[in-house]
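First the structure, in the form of structure tokens, and then the observations on it.
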Amino acid sequence: MFRPVRFEGRWTVFSRVSRASLVTAIVVCVTILSLVPSSSVAPKKLPVGLPLAAVNGPQRTIVILVKFGDQPNTTKPSQVASTLATMNNYYYEDSYGTTSFQTSISPNGPAWYALPSPMSYYGTDTASADNQLVDDGLRAALNNGVDLSQFKFATLVHAGNDEAMTHVASDIHSFTIQGYIFSTGPLTSIKISTSVVSESDPVGVYAHESGHLLGLPDLYDVTGRIDPTNNFLGYWEIMALGEWNPNNGLPCPGTSPCPGTYPALHSAWSKLQLGWLAGGQSCSTTTSGMCAVQSGTAANITLQNLEQPTSGVQAVKIPIAFNRDGTMTYYLLELRAKLGTYDRYLPFPTTYPDAGVLIYDVNESIPAGHGSIRLIDAHPGGGLDDAPFGPCFSPCASENTFADQPNYVKVIITSTSPTAYSITVDRTAAPALLLQINTSPGSTGVMVSIDGVNNTSDSTGQVRMPVRYGPHTIYVQSRIPLTVGSATVTVGLANAFASWDDGATTNPRGVSVVKDTFLTAIYRVTVEPSIPTALVAFGIFGVILTAVLLHRHRSRRGKANLVMSQGQVISPVPSVITMPTGSSRPIPQRDLDNEGLLPGNDSFARQSVDHTESADGP
Numbered sequence: 283m284f285r286p287v288r289f290e291g292r293w294t295v296f297s298r299v300s301r302a303s304l305v306t307a308i309v310v311c312v313t314i315l316s317l318v319p320s321s322s323v324a325p326k327k328l329p330v331g332l333p334l335a336a337v338n339g340p341q342r343t344i345v346i347l348v349k350f351g352d353q354p355n356t357t358k359p360s361q362v363a364s365t366l367a368t369m370n371n372y373y374y375e376d377s378y379g380t381t382s383f384q385t386s387i388s389p390n391g392p393a394w395y396a397l398p399s400p401m402s403y404y405g406t407d408t409a410s411a412d413n414q415l416v417d418d419g420l421r422a423a424l425n426n427g428v429d430l431s432q433f434k435f436a437t438l439v440h441a442g443n444d445e446a447m448t449h450v451a452s453d454i455h456s457f458t459i460q461g462y463i464f465s466t467g468p469l470t471s472i473k474i475s476t477s478v479v480s481e482s483d484p485v486g487v488y489a490h491e492s493g494h495l496l497g498l499p500d501l502y503d504v505t506g507r508i509d510p511t512n513n514f515l516g517y518w519e520i521m522a523l524g525e526w527n528p529n530n531g532l533p534c535p536g537t538s539p540c541p542g543t544y545p546a547l548h549s550a551w552s553k554l555q556l557g558w559l560a561g562g563q564s565c566s567t568t569t570s571g572m573c574a575v576q577s578g579t580a581a582n583i584t585l586q587n588l589e590q591p592t593s594g595v596q597a598v599k600i601p602i603a604f605n606r607d608g609t610m611t612y613y614l615l616e617l618r619a620k621l622g623t624y625d626r627y628l629p630f631p632t633t634y635p636d637a638g639v640l641i642y643d644v645n646e647s648i649p650a651g652h653g654s655i656r657l658i659d660a661h662p663g664g665g666l667d668d669a670p671f672g673p674c675f676s677p678c679a680s681e682n683t684f685a686d687q688p689n690y691v692k693v694i695i696t697s698t699s700p701t702a703y704s705i706t707v708d709r710t711a712a713p714a715l716l717l718q719i720n721t722s723p724g725s726t727g728v729m730v731s732i733d734g735v736n737n738t739s740d741s742t743g744q745v746r747m748p749v750r751y752g753p754h755t756i757y758v759q760s761r762i763p764l765t766v767g768s769a770t771v772t773v774g775l776a777n778a779f780a781s782w783d784d785g786a787t788t789n790p791r792g793v794s795v796v797k798d799t800f801l802t803a804i805y806r807v808t809v810e811p812s813i814p815t816a817l818v819a820f821g822i823f824g825v826i827l828t829a830v831l832l833h834r835h836r837s838r839r840g841k842a843n844l845v846m847s848q849g850q851v852i853s854p855v856p857s858v859i860t861m862p863t864g865s866s867r868p869i870p871q872r873d874l875d876n877e878g879l880l881p882g883n884d885s886f887a888r889q890s891v892d893h894t895e896s897a898d899g900p
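Residue numbering for the sequence shown follows the working numbering, beginning at 283 and increasing consecutively.
Below, the structure written as structure tokens:
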């Protein structure tokens, strides 16, 4: 129903104008849409993979010392400062001199902050108790004048022992809360990642929890049920059991260092996450950081040790497959050696030389701490101390080769030295398969990229390429011109990528080719978000508005001339006919005598614009 409009003293329904207004509304909608990005294009997912975050420079950290009514501290601030200095040295070596922890201790004096609840309350191992401990510790520092906004991280050192060491339920287990929101006032708050350690903890625990502050996850078996013996990585990575190196079983204290005093450095996976290793291009072109060996290729690589800064290759990635969620499964190779201050306590057996190649099986679709990273054991059975590949001596059997036949992967160690191994990664046995990309609607000349190589679709809208068994990355042109017949629409509309026929929506995307594979990129017509489109739409709107106004003007002039020539007076009250049902509702009767005299317009219904309708009508 159209509401009546007041015009020259009478209520008039402009039915033709109303129909014209519908067209105008459509044009206005097109205009508005042209100014907004099209929603037909699937949003890109956040990048999946490495690095998680680039970390470098000093990490400003406030270290807060706290005690409890039922547990006073037995450690001096100077002893905590010594442990922090050792941790700082650890990270400086681990990051090749790029990262350090710049710490400030509060309080400055010998007295530690007393928290309002007993240690037994905070040691209940519940989320609420952990949050309360962090909140109470931060508030103690805030109430004593510490400007927490000046720090990136916080570490609470509490009196008493760590449950991780004592296994006593009333002790507090070390933990970290990333991105903790702390209220500094009635209307203000800060976000500060906070770790909690014990005054009795060795530097390994400090460094492990600080790894969480930087964003790294736990890599041991957090369930305690999947791999409770080896915890996926054994003692080769600090985010697993390596925080407790040296793990030699000797009495402590004694002639040997205590567990946790010389933790393992981070693995290549963690260093890639933190940006301490870079790269990822083909091993045929990359000579430093990490390189990759793709399916169907082979590479001879000099793999440098992970411990020392070097200009050579320190990690090798072997992509295996894309998972359903877009993440990847791959192998990651590194050379570990008994070098430096900390890794000289790695758990190499006595039958080994002081170096060996570690091969990790990485599946990014598995949650961290549930086996997302597993160490492949060169000598399956027992622990992971003998996991490295490389030469070993009697009674150890030499394992210089790793093979994954279903995925056509072979790794061969060809020569060794104390600091570098020569290896061959051979993937040439992978069979060639067909990968066909279709575009719908089919269009000639659409750009399709397969593993970084650009192609254009043929006259049928297809690109066909032979590829090797394994994972491949595909990208199709995000927008293609809209063709109507033989004409191409250059302004206003376009075909935009919407999805793939298998339901995936990311572009670019990964696909694992294990047989001849056919994929179709589906496009949808969308309004181009551009200024030229808006100008064209406004132009069309102006033309239609002008036509409507001219038509109204001609209609009024024609009606006035008709009245004057026939001497008629048009009554403001319409004729009324009775509805068949007996209803008294008035129905305007058409002026059939004058209908044929109205100006013709194919886009308007032939109905008089001068008939009136009661204000009380429908």
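Even for Gly, the Cβ is constructed at its ideal location relative to N, Cα and C.
Please read these numbers as outputs of a predicted model, since none were measured by experiment.
Item	Value
Classification of Glu481 by the beta-carbon crowding that lies within 10 angstroms, buried from 16 upward	buried
Integer Cβ distance of Thr365 from Tyr544, believed to fall under 8 Å	Going by Cβ atoms, the distance from Thr365 to Tyr544 rounds to 13 Å, so no, they are not a contact pair.
Whole alpha helix (DSSP H) elements within the region 682-765, 4-residue minimum	none
Cα-Cα separation between His835 and Pro763, rounded to whole angstroms	41 Å
Supposed close pair Val795, Gly752 - CB separation, criterion 8 Å	7 Å
Proximity to Tyr687 [Cα-Cα], best of Cys678, Leu666, Ala711 and Gly664	Note on identity: in this sequence residue 687 is Gln, with Tyr being the wrong assignment. For the residues Cys678, Leu666, Ala711 and Gly664, the minimum Cα distance to Gln687 belongs to Ala711.
Whole-angstrom distance between Arg342 and Lys434, CA atom to CA atom	5 Å
Cβ-based neighbour list, Ser680, same chain, cut-off 7 Å, excluding 5 preceding and 5 following	Pro673 and Cys674
Per-residue DSSP class, three states only, for Asp625	helix
Secondary structure of Ser885, DSSP reduced to three states	Because the pLDDT of Ser885 is 35, which lies under 50, any placement of that residue in the model is unreliable, and the number read from its coordinates should be weighed accordingly. It is coil, neither helix nor strand.
Nearest candidate by alpha-carbon position, reference Gly785, set Ala778, Leu801 and Ala776	Leu801
Cβ pair Ala239, Ser456 closer than 8 Å	Because residue 239 is not part of the residues shown, which for the chain are 283 to 900, the question remains open.
Beta-carbon proximity list for Met401, same chain, < 6 Å, skipping 5 on both sides	Phe350, Asp352, Gln353 and Gly442
Per-residue burial, Ser316 [other beta carbons within 10 Å of its own, 16 or more giving buried]	Because the pLDDT at Ser316 is just 44, under 50, the model does not fix this residue reliably, and the point stays unresolved.
Arg618 beta carbon less than 8 Å from that of Gly638	yes
Thr742 and Gly727 closer than 8 Å at C-beta	no
Cross-strand partners of Leu640 (DSSP beta bridge)	Glu616
Environment of Leu379 [buried if 16+ CB atoms lie within 10 Å]	The identity of residue 379 in the sequence shown is Gly, whereas the question assumes Leu. Result: exposed.
Burial state of Lys473 (16 or more Cβ within 10 Å)	exposed
Uninterrupted alpha helix (DSSP H) stretches inside the region 341-382 (no shorter than 4 residues)	359-376
Same chain only: Cβ atoms within 8 Å of Gly622, ignoring 5 sequence neighbours per side	Glu375, Leu547, Glu589 and Gln590
Reference Leu424; option with closest CA among His449, Tyr395 and Asp412	Tyr395
Length of the line joining the Cα atoms of Val478 and Ala685	43 Å
Residue interval of the alpha helix (DSSP H) (run including Met401)	Met401 to Tyr404
Straight-line gap, Ala650 to Met521 (C-alpha atoms, nearest Å)	11 Å
Cβ distance (whole Å) where Gly461 is taken to contact Ser475 below 8 Å	6 Å
Spatial distance of Asn689 from Leu498 (CA atoms)	29 Å
Gln361 versus Asp407 - alpha carbon distance	27 Å
Cβ pair Val758, Thr799 closer than 8 Å	no
C-alpha gap between Pro635 and Thr701, whole angstroms	11 Å
Rounded distance between the beta-carbons of Val575 and Arg791, thought under 8 Å	Their Cβ separation, rounded to whole angstroms, is 22 Å, which puts Arg791 and Val575 out of contact at 8 Å.
Range covered by the beta strand (DSSP E) that runs through Gly672	No beta strand (DSSP E) holds Gly672; DSSP gives it neither H nor E.
DSSP-derived helix/strand/coil call for Asp417	helix
Distance between Leu515 and Ala714 (C-alpha atoms, nearest Å)	35 Å
Spatial neighbours of His652 in its chain, beta-carbon cut-off 6 Å, leaving aside the 5 residues before and after	none
Which of helix, strand or coil DSSP assigns to Leu874	Note that Leu874 scores a pLDDT of 41, beneath 50, so its modelled location is shaky; the value from the coordinates is reported in the next line. Of the three classes helix, strand and coil, the one that applies to Leu874 here is helix, per DSSP.
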